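Trainee: In mature numbering (1 follows the signal peptide of the UniProt record, and there is no 0), the protein residues as written are -24 to -1, 1 to 221. Glycine included, every Cβ here is placed at the ideal spot set by N, Cα and C. Just so it is clear, the structure is predicted and the values come from calculations on it, not from any experiment.
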């Protein structure tokens, strides 16, 4: 580590309270002191008789606020962090930001369910959960929506039988009636009405497939990228919860 080498003080001056001297006087460093002792606080270097014009201490750089909206809890314009967007070159510790958790921050919950035959009992429970889910969420915020999607598996071998009769009704027995297997369905786009959630979920039939793994990851990707109808909403800033079961 040489004090005359290019970039000699870069490690030091990146820290807010650290400066560096390139003072070449032989008596600046005491016998046995390493070159690292040239990096210190401004006050310490002054006490050690370092020349002011030999101190490297970069000044503040121009700061451009690209977006600096005030903190707000308004439903259509929630702002929790200020500033939001800036252009600047800084030393570590110079930038100050403000954060305030918004009251009643909107939440969108999208329930993504596996409708393969092993989930038959769970489907019956989900049909009555709409009111309970919204009630719990409204303990957190007044602005909440709920949606529902489902998945089974890819419609091809070895995941789903290609026999026509089994495709139409993939239940393992003929007592139950199952709907044909599918990869993903957006059953109910986001809504504020719990009754609508319960009505749509109550219409759902269980399905079936051949292998144990299901198309859960495929369904998550579908829900994430199906921006307009399912999860994402660009008209307001929201917290999105995706539950998969």
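In its own chain, which residues sit with a C-beta less than 8 angstroms from the C-beta of residue 41, not counting the 5 before and 5 after it?
Mentor: Taking the first residue of the chain shown as position 1, residue 41 is located at position 65. If we look at residue 41 and ignore the five residues flanking it on each side, its Cβ neighbours are 59, 61, 62.
Trainee: Is the beta carbon of residue 163 less than 8 angstroms from the beta carbon of residue 103?
Mentor: Here residue 163 refers to the residue found at position 187 of the chain shown. Here residue 103 refers to the residue found at position 127 of the chain shown. No, these two residues do not count as a Cβ contact at 8 angstroms.
Trainee: According to DSSP, simplified to helix, strand and coil, what is residue 18?
Mentor: Reading the chain shown from its first residue, position 42 is the one you call residue 18. Correct three-state label for residue 18: helix.
Trainee: If you compare alpha carbons, which of 92, 112, 96, 99 is closest to residue 130?
Mentor: On the chain shown, position 154 is the one that residue 130 refers to. For residue 130, the nearest C-alpha among the options comes from 92.
Trainee: Taking a contact to mean a Cβ-Cβ separation below 8 angstroms, would you say residue 125 touches residue 161 in this structure?
Mentor: In the chain shown, counting from the first residue as 1, residue 125 sits at position 149. In the chain shown, counting from the first residue as 1, residue 161 sits at position 185. Yes, they are a contact pair.
Trainee: For the beta strand (DSSP E) that residue 127 lies in, which residues bound it at each end?
Mentor: Working through the chain shown from its first residue, we reach residue 127 at position 151. 120 to 127 is the extent of the beta strand (DSSP E) around residue 127.
Trainee: Alpha carbon to alpha carbon, how far is residue 47 from residue 219?
Mentor: Along the chain shown, one-based indexing puts residue 47 at 71. Along the chain shown, one-based indexing puts residue 219 at 243. For residue 47 and residue 219, the distance between alpha carbons rounds to 30 angstroms.
Trainee: Sorted by chain position, which residues of the same chain lie with C-beta nearer than 8 angstroms to residue 120's C-beta, five sequence neighbours on each side aside?
Mentor: The sequence position of residue 120 within the chain shown is 144, counting from 1. Hits under 8 angstroms: 82, 83, 84, 85, 110, 113, 114, 168.
Trainee: Excluding the five sequence neighbours on either side, which residues of its own chain have a C-beta within less than 7 angstroms of the C-beta of residue 2, listed in chain order?
Mentor: Here the question's residue 2 lines up with position 26 in the chain shown. Caution is warranted here: a pLDDT of 49 is assigned to residue 2, below 50, making its placement in the model unreliable, and the coordinate value is therefore given only provisionally. Hits under 7 angstroms: none found.
Trainee: Are the CB atoms of residue 199 and residue 128 nearer to each other than 8 angstroms?
Mentor: Within the chain shown, residue 199 is the residue found at index 223, counting from 1. Within the chain shown, residue 128 is the residue found at index 152, counting from 1. Not a contact, by the Cβ cut-off of 8 angstroms.
Trainee: Roughly how many angstroms separate the alpha carbons of residue 144 and residue 157, rounded to a whole number?
Mentor: Sequence index remark: in the chain shown, residue 144 carries index 168 (1-based). Sequence index remark: in the chain shown, residue 157 carries index 181 (1-based). C-alpha separation (whole angstroms): 8 angstroms.
Trainee: In terms of residue numbering, what span does the beta strand (DSSP E) encompassing residue 166 cover?
Mentor: For the purposes of this step, residue 166 is taken as residue 190 along the chain shown, with counting starting at 1. From DSSP, the beta strand (DSSP E) with residue 166 extends over 161 to 167.
Trainee: Which word fits residue 20, buried or exposed, when buried means at least 16 other C-beta atoms lie within 10 angstroms of its C-beta?
Mentor: Here the question's residue 20 lines up with position 44 in the chain shown. Per the 10 Å Cβ criterion, exposed.
Trainee: Could you round the C-beta distance between residue 159 and residue 194 to whole angstroms and report it? I think they count as a contact, below 8 angstroms.
Mentor: Counting from 1 along the chain shown, the entry for residue 159 is found at position 183. Counting from 1 along the chain shown, the entry for residue 194 is found at position 218. Contact holds; Cβ gap of about 6 angstroms.
Trainee: Quick one: what does DSSP say residue 234 is sitting in, helix, strand or coil?
Mentor: Lying outside -24 to 221, the shown extent of the chain, residue 234 is not represented and no answer is given.
Trainee: Contact check, residue 155 vs residue 183 under 8 angstroms by CB: the rounded distance?
Mentor: Sequence index remark: in the chain shown, residue 155 carries index 179 (1-based). Sequence index remark: in the chain shown, residue 183 carries index 207 (1-based). Indeed they touch by this definition, with Cβ atoms about 5 angstroms apart.
Trainee: Excluding the 5 residues preceding and the 5 following residue 201 in the sequence, name in chain order all residues of the same chain whose CB lies nearer than 7 angstroms to its CB.
Mentor: For this step, residue 201 is matched to residue 225 along the chain shown. Hits under 7 angstroms: none found.
Trainee: Distance cutoff 8 angstroms, beta carbons only. Does residue 14 sit that close to anything in chain B?
Mentor: Judged by its chain identifiers, the structure shown contains no chain B, having just a single protein chain.
Trainee: Let me know the beta strand (DSSP E) ranges lying completely inside the stretch 32 to 107, each 3 residues or longer, listed in chain order.
Mentor: You should have 40 to 43, 48 to 50, 53 to 55, 61 to 63, 83 to 90.
Trainee: How is the alpha helix (DSSP H) around residue 201 delimited, first residue to last?
Mentor: Here the question's residue 201 lines up with position 225 in the chain shown. Here the alpha helix (DSSP H) through residue 201 covers 192 to 201.
Trainee: Expressed to the nearest angstrom, what Euclidean distance is found between the alpha-carbon atoms of residue 16 and residue 76?
Mentor: Walking along the chain shown from the start, residue 16 turns up at place 40. Walking along the chain shown from the start, residue 76 turns up at place 100. Their Cα atoms are separated by approximately 35 angstroms.
Trainee: Measuring CA to CA, which of 70, 52, 22, 99 is closest to residue 39?
Mentor: As a working mapping, residue 39 is identified with position 63 in the chain shown. The candidate whose alpha carbon is nearest that of residue 39 is 70.
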